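Enquirer: The listed protein sequences derive, respectively, from chains Y and F.
Quick note on our numbering: the first sequence kicks off at 165 and runs consecutively.
Quick note on our numbering: the second sequence kicks off at 340 and runs consecutively.
Dumping the structure here so I can ask a few things about it.
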Amino acid sequence: MTKLTDTRFTAQPPAPRSRPHQKKNLVQRIGKGGFIASLPFLAPALAAYVVFVIAPMISAVRLSLYQWSGYNTDPQVFVGFKNYVRLFTQDPVFWTSVQNTVIWVVLSIIIPTSLGLVMALALNQPLVGRNLFRSVFYIPGVLAPIAVANMWRWMYNPNYGVFSEISKTLHIGDGSGVTFLSDPKVAIYAVFAAFVWQIAGLNMVLFLAGLQGVSKELVESARLDGANNWQVFRNVTLPALRPTVVIVMVLTIVHSIKVFDLIVGMTGGGPAQSSQVLALWSYTQSFLNHDFGLGNAVATVLLVVTLILVVPYLIWSTKGADDHR
Amino acid sequence: MSTATLPRTRSRSRVQAPKNPRDYVRIGLWIALAIVMVIWAMPMVFVFLTSIKSEADIFSTSSFAIPGAPEWQNYAEALATGNLMTAGGNSLLIALVKVPVGLFIAAAAAFALSRIRFKYDTLILGAFALGSMVPIQVALGPLFKTILDMGLLNNPLGVILPYIGFGLPMQVFILHGFFTQVPKEIDESVRVDGGGNLRLFLQFILPLSKPALAALFILDFVATWNEYAIALVILQNKASQTVPLAIQSFQSQFTSSYGPLNAFTIMSILPVLIIYLLFQRYFVQGMFTGAVKG
């Protein structure tokens, strides 16, 4: 998740550049460099990574062109792009999933990130009980999403949940209690609220870390020049936070695309598939409907979406490393 | 008069410790934070309170009413009817194997990528970086087939191996960032003394990286403990369940026994909470190393 900051491959003024070369010669002289020397260290990781991550992903793309039940006893039949045609033209749930995934990503890069930033800015001040505040905001982030889903499901309980009680006490609605999770229009947002609760504290910690890199002298001198809080934030703090903002955004996008547990635990994608997302729909098609072709076609769409969103960041971060060093 | 006094107070507040106006802002900020904290703590408090209420109390009293006599029976019932002990054992075993092994493999790879010079190291690092961002669900179907073909369905090893694979990218990346900060002079002195890569790795780089490794260990332990999607596909019988699977099956089995249900949730998150409280600083440190320094 960090920026690619490999100093050896970046443009450098002559002096620091010549030093690695010296080392390279030294390394080569003793004969400890090169791919062969690195293999014993690299091989286990590469093997695990290729067998359990890369190969299954390539396989997913391949299987999206086949019709298959997922049972080893059944044959895999090549059908070309038929699964995609079915997905795009005959599967309304697919489009619901796309829509919900987009909603989720967009809301995520706005709400939990700004909330985390505000929390961090507030808690960057010396305050009584600062550590307690930080812990309470952060703890939801270490809980299993499936546990969080169950906690929130209970809070949304139409009869005895917190929200129902609040609505009854304040006489909001018709008095029948809140039914967020069984309302197709609202369900996805109700689950999203749990996501915000869980992830805002993580963003807060990242922003707090980033705030340590904001020069205190710069803030002080801006204050002496008569800048108000907003001007200091806008012109000193925010520019210094830019790398953190990018990392938080990327992490948030990655988290949003793979949201799965929360939805399984709270709505199971329902009611009437209204809260489906791509990650869960792929699983549902493959494992519950036993249609591995369609399921992997959804997975391939998910892969492509991820690459579109993430590759620019990777390129930017490698380039960024070049610019800075 | 006002024109004469105003500049004075201003210059004073600038030089000396800030007095009244800023204190009020701070108090306001503190109150706002306290309100948000209450909202943030509410789900936990509500779930805990439900977990110690009798059924009658749940149905008749207010959500945040504290029960007269705590109904610990809920916990006993959740333990007796749920699969928490078996699942807890499984989760512990999986995490205690996966985390050290995975971390060691990741460290070795990060060592090779940061300390041994060869042609395609940036490319490999980039491939790892990319892998840390692709959702697990993309690979779920084929992964199931791989594990099935290996005969590891319902076997702890069937999740340990993919967990290692999926944990690697992030760890390699973070450790690579950390290792590159270790001075290169160490390499030279080890090599001049006739030591090889193995000695450099085991006796110098690893010990020097203890803080990063400790932080990653804690973070990875929690992540492994919480993992759901892969476990859902690979561990299909009750005997092999991990804690997240046990939570979900308890939830679907006992939909309306709210007391035991919430007791189950509380017990399932307890280990992670304890780890957080014990190793708090590592969480922050891990995020620091991972996100900012790198």
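Note that CB positions come from ideal geometry on N, CA and C, so glycine has one too.
Note that the structure is a prediction, hence the values are computed from the model and not measured.
Residue 549 of chain F touches chain Y at which residues, Cβ-Cβ below 9 Å?
Expert: Taking the first residue of the second sequence as position 1, residue 549 of chain F is located at position 210. Near residue 549 of chain F there are no residues of chain Y at all, since even the closest Cβ is about 19 Å away, more than 9 Å.
Enquirer: Give the secondary structure of residue 165 of chain Y by DSSP, where H, G and I count as helix, E and B as strand, and everything else as coil.
Expert: Looking up residue 165 of chain Y in the first sequence gives position 1. Only weak support exists for where residue 165 of chain Y lies, its pLDDT of 40 falling under 50; the coordinates are left without a value.
Enquirer: Using a Cβ-Cβ cut-off of less than 8 Å, list which residues of the stretch 444-458 of chain Y approach chain F; keep chain order.
Expert: Answer set for the stretch 444-458 of chain Y: 444, 446, 447, 450, 451 and 456.
Enquirer: In the DSSP assignment, what residue or residues form a beta bridge with residue 230 of chain Y?
Expert: Residue numbering aside, residue 230 of chain Y sits at position 66 when the first sequence is read from its first letter. Per DSSP, Y:242.
Enquirer: Thinking C-alpha only, which one of F:411, F:388 and F:559 is nearest residue 315 of chain Y?
Expert: One-based indexing of the first sequence puts residue 315 of chain Y at position 151. Selected option, being the one with the closest Cα: F:388.
Enquirer: Taking C-beta pairs closer than 7 Å, name the residues in chain F that residue 345 of chain Y reaches, listed in chain order.
Expert: Here residue 345 of chain Y is taken as the residue at index 181 of the first sequence, counted from 1. Simply none; closest approach about 13 Å.
Enquirer: Along chain F, which residues have their Cβ under 9 Å away from the Cβ of residue 430 of chain Y?
Expert: As a working mapping, residue 430 of chain Y is identified with position 266 in the first sequence. Here the premise fails: no neighbours, minimum Cβ distance about 10 Å.
Enquirer: Anything in chain F within Cβ reach of residue 310 of chain Y, meaning under 7 Å, just list it in chain order.
Expert: Along the first sequence, read from residue 1 onward, the residue named residue 310 of chain Y stands at position 146. Neighbours of residue 310 of chain Y on chain F, chain order: 567, 583, 586 and 587.
Enquirer: Can you give the beta carbon distance from residue 321 of chain Y to residue 439 of chain Y, rounded, assuming they're within the 8 Å contact cut?
Expert: To locate residue 321 of chain Y, count along the first sequence from 1; it is residue 157. To locate residue 439 of chain Y, count along the first sequence from 1; it is residue 275. In fact, because the Cβ distance is near 17 Å, the residues do not count as touching under 8 Å.
Enquirer: Between the Cα of residue 526 of chain F and those of F:510, F:544, F:509 and F:514, spot the shortest distance and give me the residue it belongs to.
Expert: The count along the second sequence starts at 1 and reaches residue 526 of chain F at position 187. Taking only the C-alpha atoms, the option nearest residue 526 of chain F is F:544.
Enquirer: Three-state secondary structure (DSSP) at residue 458 of chain F?
Expert: Here residue 458 of chain F is taken as the residue at index 119 of the second sequence, counted from 1. The answer is coil: DSSP assigns residue 458 of chain F none of H, G, I, E or B.
Enquirer: Rounded to a whole number of angstroms, what is the C-alpha to C-alpha distance between residue 240 of chain Y and residue 304 of chain Y?
Expert: One-based indexing of the first sequence puts residue 240 of chain Y at position 76. One-based indexing of the first sequence puts residue 304 of chain Y at position 140. So the two alpha carbons sit approximately 43 Å from each other.
Enquirer: Can you name, in chain order, every residue of its own chain whose Cβ lies under 7 Å from the Cβ of residue 273 of chain Y, other than the five neighbours on each side?
Expert: Translated into positions along the first sequence, residue 273 of chain Y becomes position 109. For residue 273 of chain Y, where only same-chain residues beyond five positions count, the Cβ hits under 7 Å are 413, 416 and 417.
Enquirer: With a threshold of 8 Å between beta-carbons, can residue 356 of chain F be considered close to chain Y, or not?
Expert: The residue given as residue 356 of chain F occupies position 17 in the second sequence. Below a pLDDT of 50, predicted positions are generally treated as unreliable, and residue 356 of chain F, at 49, falls in that range; the measurement from the model is reported next regardless. No, because no Cβ of chain Y sits closer than 8 Å to the Cβ of residue 356 of chain F.
Enquirer: Give the residues of chain F in contact with residue 220 of chain Y, contact being defined as C-beta atoms less than 7 Å apart.
Expert: Reading the first sequence from its first residue, position 56 is the one you call residue 220 of chain Y. Under the 7 Å cutoff, chain F gives 478, 481, 482 and 485.
Enquirer: Taking only beta-carbon atoms, is residue 447 of chain F less than 8 Å away from chain Y?
Expert: What you label residue 447 of chain F is simply residue 108 of the second sequence in a count that begins at 1. So yes, residue 447 of chain F belongs to the interface.
Enquirer: Nearest chain Y C-beta to residue 393 of chain F closer than 8 Å, yes or no?
Expert: Counting from 1 along the second sequence, the entry for residue 393 of chain F is found at position 54. With 8 Å as the cut-off, residue 393 of chain F does not count as an interface residue toward chain Y.
Enquirer: Taking the runs of the alpha helix (DSSP H) that are 4 residues or longer, which of them lie wholly in the stretch 534-559 of chain F?
Expert: Counting whole runs of 4 or more residues, the stretch 534-559 of chain F contains no alpha helix (DSSP H) stretch at all.
Enquirer: Leaving out the 5 sequence neighbours to the left and right, which residues in its chain are closer than 7 Å to residue 230 of chain Y when beta-carbon positions are compared?
Expert: Translated into the one-based positions of the first sequence, residue 230 of chain Y becomes position 66. Same-chain partners within the cutoff: 240, 241, 242, 243 and 457.
Enquirer: Assuming contact is defined by CB atoms lying nearer than 8 Å, are residue 447 of chain F and residue 201 of chain Y in contact in what I supplied?
Expert: Indexing the second sequence from 1 puts residue 447 of chain F at position 108. Indexing the first sequence from 1 puts residue 201 of chain Y at position 37. Their beta carbons are not under 8 Å apart, which means residue 447 of chain F does not touch residue 201 of chain Y by this criterion.
Enquirer: From Y:219, Y:371, Y:199 and Y:472, pick the residue whose C-alpha is nearest to that of residue 505 of chain F; which is it?
Expert: Within the second sequence, numbered from 1, the residue matching residue 505 of chain F stands at position 166. Checked all of Y:219, Y:371, Y:199 and Y:472; the closest Cα to residue 505 of chain F is Y:219.
Enquirer: Note down, in chain order, every chain F residue with its Cβ under 8 Å from the Cβ of residue 205 of chain Y.
Expert: The residue you call residue 205 of chain Y lines up with position 41 of the first sequence. Within 8 Å Cβ-Cβ: 447, 448, 450, 451, 455, 536 and 540.
Enquirer: Between residue 311 of chain Y and residue 425 of chain F, is the Cβ-Cβ spacing less than 8 Å?
Expert: The sequence position of residue 311 of chain Y within the first sequence is 147, counting from 1. The sequence position of residue 425 of chain F within the second sequence is 86, counting from 1. No. Outside cutoff.
Enquirer: Which residue wins for smallest C-alpha separation from residue 278 of chain Y, given the options Y:368, Y:255, Y:334 and Y:478?
Expert: Along the first sequence, read from residue 1 onward, the residue named residue 278 of chain Y stands at position 114. The residue with the shortest Cα to Cα distance from residue 278 of chain Y is Y:368.
Enquirer: Please tell me whether residue 545 of chain F has its Cβ less than 8 Å away from any Cβ of chain Y.
Expert: Counted from its first residue, the second sequence places residue 545 of chain F at position 206. No, no contact with chain Y.
Enquirer: What does residue 470 of chain F reach in chain Y if we use C-beta pairs closer than 9 Å?
Expert: As a first step, residue 470 of chain F must be located in the second sequence, where it is residue number 131. Per Cβ cutoff of 9 Å: 213, 217, 218 and 221.
Enquirer: If residue 247 of chain Y sits next to residue 461 of chain Y, beta carbons under 8 Å apart, how far is it from one beta carbon to the other, in whole angstroms?
Expert: What you label residue 247 of chain Y is simply residue 83 of the first sequence in a count that begins at 1. What you label residue 461 of chain Y is simply residue 297 of the first sequence in a count that begins at 1. Their Cβ separation, rounded to whole angstroms, is 4 Å, which keeps residue 247 of chain Y and residue 461 of chain Y in contact under 8 Å.
Enquirer: Shortest alpha-carbon distance to residue 439 of chain F belongs to which of F:555, F:391, F:516 and F:463?
Expert: The residue given as residue 439 of chain F occupies position 100 in the second sequence. Comparing Cα positions, the closest option is F:555.
Enquirer: Please report the distance separating the alpha-carbon of residue 226 of chain Y from that of residue 491 of chain F.
Expert: Numbered from its first residue, the first sequence carries residue 226 of chain Y at position 62. Numbered from its first residue, the second sequence carries residue 491 of chain F at position 152. Distance between the alpha carbons of residue 226 of chain Y and residue 491 of chain F is about 23 Å.
Enquirer: Between residue 402 of chain F and chain Y, is any beta-carbon pair separated by less than 8 Å?
Expert: On the second sequence, residue 402 of chain F is found 63 positions in, with the first residue counted as 1. Residue 402 of chain F counts as touching chain Y.
Enquirer: Tell me, please, whether the CB atom of residue 504 of chain Y is closer than 8 Å to any CB atom in chain F?
Expert: Chain Y is shown from 165 up to 489; residue 504 of chain Y falls before or after that span and cannot be answered.
Enquirer: If the cut is a Cβ gap below 8 Å, which residues of chain Y does residue 458 of chain F touch?
Expert: For the purposes of this step, residue 458 of chain F is taken as the residue at position 119 of the second sequence. Chain Y residues near residue 458 of chain F: 199.
Enquirer: Can you tell me whether residue 488 of chain F is buried or exposed? The criterion is at least 16 other CB atoms within 10 Å of its CB, across all chains shown.
Expert: Locating residue 488 of chain F in the second sequence gives position 149, counting from the first residue. Its Cβ having fewer than 16 others within 10 Å, residue 488 of chain F is exposed.
Enquirer: For chain C, check one thing: does any of its Cβ atoms lie closer than 8 Å to the Cβ of residue 361 of chain Y?
Expert: You won't find chain C in this structure, because its protein chains are Y and F.
Enquirer: Please identify, using Cβ separations under 7 Å, the residues of the stretch 406-426 of chain Y that lie next to chain F, in order along the chain.
Expert: From the stretch 406-426 of chain Y, only 408, 411, 418, 421, 422, 424 and 425 have a Cβ closer than 7 Å to chain F.
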